[in-house]
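Encoded as structure tokens, the structure appears first; notes follow it.
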């Protein structure tokens, strides 16, 4: 199939969910606060996204603790570093996605694995499983599927950015190519894709908050089924996470507007 992502974009329920999310993002971008405070909104959205990403992995830290720089858990610190690093990696994401993923793992997994394993694809079959998805694919199978994923990023597609971001996210989350902090890397890659492929160029949408509020693990298990229904369920989940992320960022804008 020359454009498999375009086929996924037509699975039942997906076009409507993607369109709803895109309209929500368009409404957010018209918020008057963004005329003067877009960078500040993006910074706050990234902080909330990092907190949510760590919470999905099982380490839930209040925002005020993060703001006081009092969260010392290595997974939380990794999520914060990955969030900060995304702004420097955007221009490279389309050209060298393998390099970007390696860098995201280096910053996300520091303190969670050995120095020698940072940024390197796992050579072993075991991988951490914080979401109880089951055993990860063997290292050799993972390497093969990663080549396929990187190929998808390099070829043109008519699919919306949300569909591409959803597939990138899911493949990284279920393959667990590094063996540690793969969820942090997967959600960072999703956000990077939404930014670099045009849906959210200012990185305003706290999509990770949406994932935290929804049945994230169940949606990934649906994707793991490999059926059109299961994959469609996952993409719809990601579209809903974008819409909820817009709601979170709109609240940030309105709080800034009130002063």
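Numbering (our numbering), first residue to last: 18 to 276. Each residue gets a CB set at the ideal place from its N, CA and C atoms; glycine is no exception. A quick note: this is a predicted structure, and the numbers were derived from the prediction, not measured.
CB residue i to CB residue j, shorter than 8 Å?
i           : j           : result
residue 126 : residue 203 : no
residue 176 : residue 26  : yes
residue 152 : residue 192 : no
residue 226 : residue 69  : yes
residue 167 : residue 114 : yes
residue 11  : residue 234 : Nothing about residue 11 can be read from this structure; the chain reaches only from 18 to 276.
residue 37  : residue 260 : yes
residue 266 : residue 55  : no
residue 117 : residue 95  : no
residue 221 : residue 58  : yes
residue 210 : residue 23  : no
residue 159 : residue 194 : yes
residue 147 : residue 75  : yes
residue 216 : residue 39  : yes
residue 156 : residue 139 : yes
Going by beta carbon distance, what residues of the same chain come within less than 8 Å of residue i, once the five residues before and after it are set aside?
i           : result
residue 120 : 102, 106 and 136
residue 35  : 26, 177, 179, 180, 252 and 256
residue 31  : 25, 180, 249, 252, 253 and 256
residue 83  : 64, 67, 68, 93 and 97
residue 207 : 182, 183, 185, 186, 224 and 255
residue 237 : 148, 150, 187, 190, 191 and 251
Can you look up residue i in the DSSP assignment and give me helix, strand or coil?
i           : result
residue 127 : strand
residue 8   : Outside the modelled stretch of the chain, which goes from 18 to 276, sits residue 8, for which no answer is possible.
residue 81  : helix
residue 50  : coil
residue 121 : helix
residue 76  : coil
residue 27  : coil
residue 44  : helix
residue 139 : coil
residue 243 : coil
residue 254 : helix
residue 87  : coil
residue 100 : helix
residue 264 : helix
residue 95  : helix
residue 115 : helix
residue 235 : helix
residue 63  : helix
residue 55  : helix
For residue i, collect the residues of the same chain with a Cβ closer than 7 Å to its Cβ; drop the 5 residues on either side in sequence, then sort them by chain order.
i           : result
residue 218 : 212
residue 73  : 200, 228, 229 and 233
residue 79  : none
residue 258 : 224, 227, 228 and 231
residue 269 : 58, 61 and 62
So, at 6 Å on beta carbons, what are the nonlocal neighbours of residue i in its own chain, with the 5 sequence-adjacent residues on each side left out?
i           : result
residue 145 : 197
residue 223 : 62, 65, 66, 262, 265 and 266
residue 99  : 121, 124, 125, 201 and 205
residue 71  : 92, 93 and 96
residue 143 : none
Handout entry: Segments assigned alpha helix (DSSP H), at least 4 residues, entirely inside the segment 142-229
Key = Entirely contained in the segment 142-229, the alpha helix (DSSP H) runs reaching 4 residues are, in chain order, 156-171, 178-192 and 199-213.
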